[in-house]
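For the sequence shown, the numbering used here assigns the number 268 to the initial residue and increments by one for each residue that follows.
All C-beta atoms, glycine included, are put in the ideal place defined by N, C-alpha and C.
Shown next, in structure tokens, is the structure this report addresses.
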Amino acid sequence: MSVASTQPRPSPAPQQAGAGRDERLAGVSVLVRLLQRPELGALIGALAVYLLFASVDATPGHLFTSIAGMQNWTDAASTYGIMAVAVALLMIGGEFDLSAGVMTGTSGLLLGMLITRQQVNVWVAIVAVLVFAGIIGAANGMLVVRTKLPSFIITLATFFVLRGVDVGVTRLLTNTVRFDISDQAPGFVSAQSIFGSTFLAPYNFQDAVLWWIAITVIATVVLTQTTFGNWIFAVGGDANAARAVGVPVARTKVILF
268 MSVASTQPRP
278 SPAPQQAGAG
288 RDERLAGVSV
298 LVRLLQRPEL
308 GALIGALAVY
318 LLFASVDATP
328 GHLFTSIAGM
338 QNWTDAASTY
348 GIMAVAVALL
358 MIGGEFDLSA
368 GVMTGTSGLL
378 LGMLITRQQV
388 NVWVAIVAVL
398 VFAGIIGAAN
408 GMLVVRTKLP
418 SFIITLATFF
428 VLRGVDVGVT
438 RLLTNTVRFD
448 ISDQAPGFVS
458 AQSIFGSTFL
468 APYNFQDAVL
478 WWIAITVIAT
488 VVLTQTTFGN
498 WIFAVGGDAN
508 AARAVGVPVA
518 RTKVILF
């Protein structure tokens, strides 16, 4: 005959504070986590370059660090910065475009040719140039995806083709390698008010700086807050693994180009 025990069962031990948290992160300080951020290297590099040029600035009044100097170099940096945002997205996706720089020059020459030689409205010319640039980028992407050749090789070939076209077409039409856009062209004033005006008078920073900031913010949101941003990281990390989980690798790369 069994005897039922009347002794109370021991209560479970209370969980220790912080149980369930990742023990690998428990002893990581804020400084260490900050140093592990990938963007910190770019920030330190930019600061180092700024301090280098500021230290060797021998102009009267140190113009490089003055407001006028900042207006000058931010205007130049914004042009490269806007291109760098697009190239950075492509590099995160695991590819590279050597033709990005010459494509900018080709787009400018095409814009000038449409406005000065064909008397096309500036806004129509801008749309046409964007479509042309998109077609060239899509062609690069399709060649990379279809041929499996490195994007370095494909875009290097595009670089030489575009540079040859730039010189050949402009010399054929004008016997020079430039087009001068008149401020009397239809649509010029409205386009200039959006893309070529200034802000923060009397220092007159160029609106290109605002466009640079806006495009950077948009790219950041796309990368961190959207499904397409996840696709970019996945494709750049391991294209085969990304394809296995349903990421459209080819389409993502073509869009990035």
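For residue i, which beta-bridge partners are listed by DSSP?
i: residue 466; result: 472
Check residue i in the structure and name its three-state DSSP category.
i: residue 433; result: helix
i: residue 492; result: helix
i: residue 514; result: coil
i: residue 599; result: Residue 599 lies beyond the stretch modelled for the chain, which goes from 268 to 524, so this question has no answer here.
i: residue 270; result: Unreliable positioning characterises residue 270 in this predicted model, as indicated by a pLDDT of 49, which lies under 50. A coordinate reading is not provided.
i: residue 460; result: helix
i: residue 312; result: helix
i: residue 446; result: coil
i: residue 331; result: helix
i: residue 303; result: coil
i: residue 454; result: coil
i: residue 500; result: helix
i: residue 524; result: coil
i: residue 326; result: coil
i: residue 505; result: coil
Would a C-beta distance cut-off of 7 Å place residue i and residue j closer than the cut-off?
i: residue 366; j: residue 414; result: no
i: residue 502; j: residue 408; result: no
i: residue 374; j: residue 398; result: no
i: residue 369; j: residue 310; result: no
i: residue 485; j: residue 382; result: no
i: residue 523; j: residue 416; result: no
i: residue 355; j: residue 521; result: no
i: residue 296; j: residue 363; result: no
i: residue 348; j: residue 498; result: no
i: residue 506; j: residue 516; result: yes
When the Cα of residue i is compared with those of the options, which residue comes out closest?
i: residue 377; options: 412, 358 and 433; result: 433
i: residue 476; options: 299, 304 and 339; result: 339
i: residue 481; options: 333, 361, 467 and 462; result: 462
i: residue 425; options: 400, 448 and 520; result: 400
i: residue 346; options: 321, 502, 372 and 429; result: 372
i: residue 379; options: 352, 452 and 492; result: 452
i: residue 336; options: 473, 307 and 355; result: 473
i: residue 394; options: 454, 384 and 351; result: 454
i: residue 483; options: 500, 468, 363 and 350; result: 350
i: residue 470; options: 442, 341 and 303; result: 341
i: residue 353; options: 318, 456 and 490; result: 490
When the cut-off is 7 Å and only beta carbons count, does residue i lie next to chain E?
i: residue 398; result: In the displayed structure, chain E is absent; only one protein chain is listed.
In the stretch 354 to 436, which residue ranges form an unbroken alpha helix (DSSP H) of at least 4 residues, counting only runs that do not cross its ends?
Restricting attention to alpha helix (DSSP H) runs no shorter than 4 residues, the stretch 354 to 436 encloses them at 367 to 383 and 389 to 414, ordered along the chain.
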